[in-house]
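Visitor: Under UniProt numbering, think of the first position of the sequence shown as 1, with each following residue one higher.
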Amino acid sequence: MTTAQVPAPAPDGALPIASPREARRAAGRLIRCDRRAFALMLRLNALAAGAGLAGPWLLGRIVDTVRDGGGAAAVDRLTLLIVAGTALQLLLGRGARYAGHRFGERALARVREGFVDRALALPSAVVERAGTGDLTARGTTDVASVAGTLRDATPEVSVAVVQAVFLLGAVAVLHPLLGACALGLVGCGFAVRWYLRRARPAYLDEGAAVSELAGLLAATAAGARTVDLLGLADSRAAAAREAVERSRRTRLRTLFLRSVLFPVVDFSYTVPVAAALVAGGALHDAGVVSLGAVVSAAVLLGQLSTPLDTLLFRAEQLQAGAAAFARVEGVAAEAGTNGHRPDAPGPDGGPGAPATAPSAHATAPRGRIEARGVRYAYPGGAGGEVLRGVELTVRPGERLALVGPSGAGKSTLGRLLAGVEAPGAGTVTVGGVPVAALPPRALRRQVALVTQEHHVFLGTVRDNLRIAAPDADDAALHAALAAVGAEWAAALPSGLGTELGPGGFRPDGAQSQQLSLARVVLADPGILILDEATALLDPRTARRTERALAAVLAGRTVIAVAHRLHTAHDADRVAVMEAGRITELGTHDALVAADGAYAALWRTWHGETPAPPPDRPPERPAEV
Ligand SMILES: Nc1ncnc2c1ncn2[C@@H]1O[C@H](COP(=O)(O)OP(=O)(O)OP(=O)(O)O)[C@@H](O)[C@H]1O
């Protein structure tokens, strides 16, 4: 990515905004995708504008005919031609608008599809940082604004531009001095320049304020129960009032810009007509032009106000649409980055995403994962570096337990190993390939992070499973469900076609987790990172889930953040994390014998742990 293409800076954590150049290139791509429809629209516009010139020119001929003593029959003929020209202009103009709307609708469909694809490809860390409000506002308000622009403004504007060019050309043909009267519009030009300079940032601010408000309202609605229980209603309402106030201020700013622009423009329209009448009178007196030519010029210049009005009226929509398009296109800059900001420093201080193709590195076996000199600090995190030079190699098929005191950085390391976050310095490689070089989809085929968060999407059981493997047939889906012990799925009324969620079948916590694990089986990653996959489940649910988990772990490299040490006991190796570093690494027996930090943790845990219930033997390390 070149410097000029770097998206406009966004507030910390927010999704970026496409630079004007990027937005122009994206618009160019939309036109190229449908260049025939675009060219047809322009051709019809040109023909309609040409037909529109007949009226004023014929009016001038009528004036000259009458002055020269021509009869009523000649005037009638010219009048009939005016009617025919106007009818032709109407028909061609209608055709041009139809072609424009068709082009606009198709371009809009492409923008919408592209946005959905990119939004789905966004790394989860990016969505977490930006908040769903921003993404939702871009997918709704901004896409709707782009829709209005493409569907209505683009055809109207193209008609208006062609009309204005033809009108100006026609006056200049009558006499260059009459054409020069159009310079009276210069005041209008200054006003538009003044407006356009200020409009983009003003409309971007307005969009950002709407996003902020949407995010705040969505978060309050999602946490309504917590807000109620903790008595947070007043503070949330105050925050919403502030966001509404910010939104109002940004809207007032754009309103002010419009309130200056329109009066100046209205006045400017009268200047060229008045100038044409004065200059035309002088030219006529000098015998340079006919009276009819002066009338034609005045009418043509007067007609300029129609396309210019359209341009100005649509200029606001174009500005709002361009700002919205930049926000919609900005999502492209983050999609496919594995959470790496394009401007984030890479391991050597260079760009975050290495240019080398993944295949060039893919020499290490699948299932091997390595961290080299990994350092990380949360963006905006007050505590500074959370990881301070982690070195770790996990062999294919190995089971490693990550233990250590609370806050040592275990979960953070898990997120970095899974590619959810990118290291600030150092590298994480899976199968020998830096995670930064892998597109999100390819990364997910190599490594998956399993946490206690398991989302069930609205749709059928089949839809929920095929998210992980779009091409999987029903037999593969049944096999994945069976592998995680989801026998209940076979008894569902419509089998894999059963709708899940409100109005359909509502899976409980363990069933949701099993669906999510079945997705992992289908995605078939070589490496699994487990973080609190069962920690908050009740014991009965946890037992069912752990059984399912044990089936998923078979044959894969597993790194388990072990919050309970019995999971560490049977791991192949144990890594102890303290203050962002790995301080001990070895087998359970070796570390106990070494009598270091792990031995102390083990003794403490072992001494305090009550005897396990009979149906839950301690030696079964389901997470590892
Ligand atoms: N999203 C975040 N933003 C800022 N700081 C964070 C974030 N998540 C974690 N931290 C901080 O990073 C440090 C390490 O947290 P992490 O959750 O990785 O530790 P951990 O060893 O997994 O702890 P635990 O066993 O309690 O889960 C802590 O100081 C924590 O407060």
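Built from N, CA and C at the ideal position, the CB exists for glycine as well.
Output needed for D142: all residues of its chain with C-beta closer than 7 Å, excluding positions within five of it in sequence on either side, in chain order.
Guide: Start at 1 with the first residue of the sequence shown, and residue 142 comes out as number 142. Correct list, in chain order: G207, A324, R327 and V328.
Visitor: Indicate whether V273 and L312 have their beta-carbon atoms separated by less than 8 Å.
Guide: Position 273 of the sequence shown, counting from 1, holds the residue named residue 273. Position 312 of the sequence shown, counting from 1, holds the residue named residue 312. Contact flag unset, no.
Visitor: According to DSSP, G41 sits in a beta bridge with which residue or residues?
Guide: Position 41 of the sequence shown, counting from 1, holds the residue named residue 41. The sequence shown places Met at residue 41, rather than the Gly named in the question. DSSP, once it has assigned bridges, lists no residue as partnering M41.
Visitor: A37 and A99 - do their beta-carbons sit closer together than 8 Å?
Guide: Within the sequence shown, numbered from 1, the residue matching residue 99 stands at position 99. Within the sequence shown, numbered from 1, the residue matching residue 37 stands at position 37. Going by C-beta atoms, A99 is nearer than 8 Å to A37.
Visitor: Check whether the Cβ of A408 lies closer than 7 Å to any heavy atom of ligand 1, and answer yes or no.
Guide: Within the sequence shown, residue 408 is the residue found at index 408, counting from 1. Correct: A408 has its Cβ closer than 7 Å to ligand 1.
Visitor: With DSSP run on the structure shown, which of helix, strand or coil describes L304?
Guide: On the sequence shown, residue 304 is found 304 positions in, with the first residue counted as 1. Residue state, collapsed to three classes: coil.
Visitor: From the DSSP secondary-structure annotation, give me the bridge partner or partners of P434.
Guide: Counted from its first residue, the sequence shown places residue 434 at position 434. T429, per the DSSP bridge assignment.
Visitor: Can you give me the Cβ contacts of T498 inside the same chain, cut-off strictly under 7 Å, excluding the 5 residues immediately before and after it?
Guide: Indexing the sequence shown from 1 puts residue 498 at position 498. Excluding sequence neighbours, T498 sits near T460, V461, L492, G504 and F505.
Visitor: Going by beta carbon distance, what residues of the same chain come within less than 8 Å of A472, once the five residues before and after it are set aside?
Guide: Taking the first residue of the sequence shown as position 1, residue 472 is located at position 472. Result list for A472: L465, R466, A480 and L522, in chain order.
Visitor: Pick from E487, L252 and L517: whose alpha carbon is nearest that of A448?
Guide: Along the sequence shown, read from residue 1 onward, the residue named residue 448 stands at position 448. Ranking E487, L252 and L517 by Cα distance to A448 puts L517 first.
Visitor: G384: buried (16+ other C-beta within 10 angstroms of its C-beta) or exposed?
Guide: The residue labelled residue 384 in the question sits at position 384 within the sequence shown. Exposed: under 16 other Cβ atoms inside 10 Å.
Visitor: Is the beta carbon of E391 closer than 8 Å to that of I527?
Guide: As a position in the sequence shown, residue 527 is number 527, starting the count at 1. As a position in the sequence shown, residue 391 is number 391, starting the count at 1. Cβ distance not < 8 Å, so I527 and E391 don't count as in contact.
Visitor: What first and last residue would you give for the beta strand (DSSP E) that runs through A371?
Guide: Stepping through the sequence shown from its first residue, residue 371 is reached at position 371. From DSSP, the beta strand (DSSP E) with A371 extends over I369 to A377.
Visitor: Can V159 be considered in contact with ligand 1, in the sense that its beta carbon sits closer than 7 Å to one or more heavy atoms?
Guide: Numbered from 1 along the sequence shown, position 159 holds the residue referred to as residue 159. No, since every heavy atom of ligand 1 falls outside the 7 Å radius drawn around the Cβ of V159.
Visitor: Consider the C-beta atom of V127 and the heavy atoms of ligand 1; say whether any pair is separated by less than 7 Å.
Guide: Along the sequence shown, read from residue 1 onward, the residue named residue 127 stands at position 127. The answer is no for V127.
Visitor: Would you mind stating whether G27 and V420 have Cβ atoms separated by less than 8 Å?
Guide: Start at 1 with the first residue of the sequence shown, and residue 27 comes out as number 27. Start at 1 with the first residue of the sequence shown, and residue 420 comes out as number 420. Correcting the residue identity first, residue 27 is Ala in this sequence and not Gly. It is not a contact, given that the beta carbons lie outside the stated cut-off.
Visitor: Could you tell me how far apart the beta carbons of R246 and A219 are, in whole angstroms, since I believe they sit closer than 8 Å?
Guide: In the sequence shown, the residue the question calls residue 246 occupies position 246. In the sequence shown, the residue the question calls residue 219 occupies position 219. With a Cβ gap of about 16 Å, R246 and A219 do not count as contacting.
Visitor: Cβ of G378 within 7 Å of any heavy atom in ligand 1?
Guide: As a working note, residue 378 is residue 378 in the sequence shown. Here residue 378 turns out to be Tyr, not Gly, going by the sequence shown. The answer is yes for Y378.
Visitor: Any heavy atom of ligand 1 closer than 7 Å to the beta-carbon of T412?
Guide: As a first step, residue 412 must be located in the sequence shown, where it is residue number 412. Indeed, a heavy atom of ligand 1 lies less than 7 Å from the Cβ.
Visitor: Would you call S494 buried or exposed, if buried means 16 or more other Cβ atoms sit within 10 Å of its Cβ?
Guide: Counted from its first residue, the sequence shown places residue 494 at position 494. Label assigned to S494: exposed.
Visitor: Under the criterion of a Cβ to heavy atom distance below 7 Å, does G397 qualify as lining ligand 1?
Guide: Your numbering for residue 397 matches position 397 in the sequence shown. Because no heavy atom of ligand 1 lies under 7 Å away, the Cβ of G397 does not count as near it: no.
Visitor: Measure from the alpha carbon of S145 to the alpha carbon of each residue in A170, V111 and I369, then state which is nearest.
Guide: Locating residue 145 in the sequence shown gives position 145, where the first residue counts as 1. Looking at the Cα atoms, V111 is the closest of the given residues.
Visitor: Let's test the definition: count the other Cβ atoms within 10 Å of the Cβ of E22 and tell me whether it reaches 16, buried, or not, exposed.
Guide: Taking the sequence shown and counting its residues from 1, the one referred to as residue 22 is at position 22. Counting Cβ neighbours within 10 Å, E22 comes out buried, since at least 16 surround it.
Visitor: Quick one, are the C-beta atoms of V162 and A46 less than 8 Å apart?
Guide: Taking the first residue of the sequence shown as position 1, residue 162 is located at position 162. Taking the first residue of the sequence shown as position 1, residue 46 is located at position 46. Cβ distance < 8 Å, so V162 and A46 count as in contact.
Visitor: Ordered along the chain, which non-local residues of its own chain (more than five positions away) have a Cβ less than 7 Å from that of L565?
Guide: One-based indexing of the sequence shown puts residue 565 at position 565. Contacts found: V403, L601, W602 and W605.
Visitor: Could you tell me the distance, in whole angstroms, from the CA atom of V561 to the CA atom of L553?
Guide: In the sequence shown, residue 561 corresponds to position 561, counting from 1. In the sequence shown, residue 553 corresponds to position 553, counting from 1. Computed Cα separation, rounded: 14 Å.
Visitor: Cβ-heavy atom distance between residue 637 and ligand 1 below 7 Å?
Guide: Because the chain in this structure spans residues 1 to 624, residue 637 falls outside the shown range and cannot be described.
Visitor: Residue range of the alpha helix (DSSP H) that L88 falls in?
Guide: On the sequence shown, position 88 is the one that residue 88 refers to. Taken as a continuous stretch (DSSP letters only), the alpha helix (DSSP H) holding L88 covers A72 to A121.
Visitor: Among the candidates Y203, T250, A237 and R249, whose CA atom is the shortest distance from the CA of L320?
Guide: Here residue 320 refers to the residue found at position 320 of the sequence shown. It is worth fixing the name first, because residue 320 is Ala in this sequence and not Leu. The candidate whose alpha carbon is nearest that of A320 is Y203.
Visitor: Cα-Cα, which of L417, T429, F262 and A425 is closest to V450?
Guide: For the purposes of this step, residue 450 is taken as the residue at position 450 of the sequence shown. Comparing Cα-Cα distances from V450 to each of L417, T429, F262 and A425, the minimum goes to L417.
Visitor: With 16 other CB atoms within 10 Å as the buried threshold, where does V260 fall?
Guide: Here residue 260 is taken as the residue at index 260 of the sequence shown, counted from 1. Flag for V260 reads exposed.
Visitor: What whole-angstrom Cβ distance do G60 and S296 have, given they're in contact under 8 Å?
Guide: Position 60 of the sequence shown, counted from the first residue, corresponds to residue 60. Position 296 of the sequence shown, counted from the first residue, corresponds to residue 296. Correct: roughly 3 Å between the Cβ atoms.
Visitor: At the level of alpha carbons, what is the spacing between T363 and A199?
Guide: As a position in the sequence shown, residue 363 is number 363, starting the count at 1. As a position in the sequence shown, residue 199 is number 199, starting the count at 1. Interpretation of T363 is limited by its pLDDT of 43, a score under 50 that renders its predicted location unreliable; the figure taken from the coordinates is listed afterwards. Straight-line Cα distance between these residues: approximately 52 Å.
Visitor: Would you please state the rounded distance, in angstroms, between the beta carbons of L387 and T412? I believe it to be under 8 Å.
Guide: Translated into the one-based positions of the sequence shown, residue 387 becomes position 387. Translated into the one-based positions of the sequence shown, residue 412 becomes position 412. Confirmed, about 6 Å.
Visitor: What is the residue span of the alpha helix (DSSP H) that L58 lies within?
Guide: On the sequence shown, residue 58 is found 58 positions in, with the first residue counted as 1. Element bounds for L58: A54 to R67.
Visitor: Nearest by alpha-carbon distance to D589: which of E578, E453, R573 and F256 is it?
Guide: Translated into positions along the sequence shown, residue 589 becomes position 589. Closest by alpha carbon: R573.
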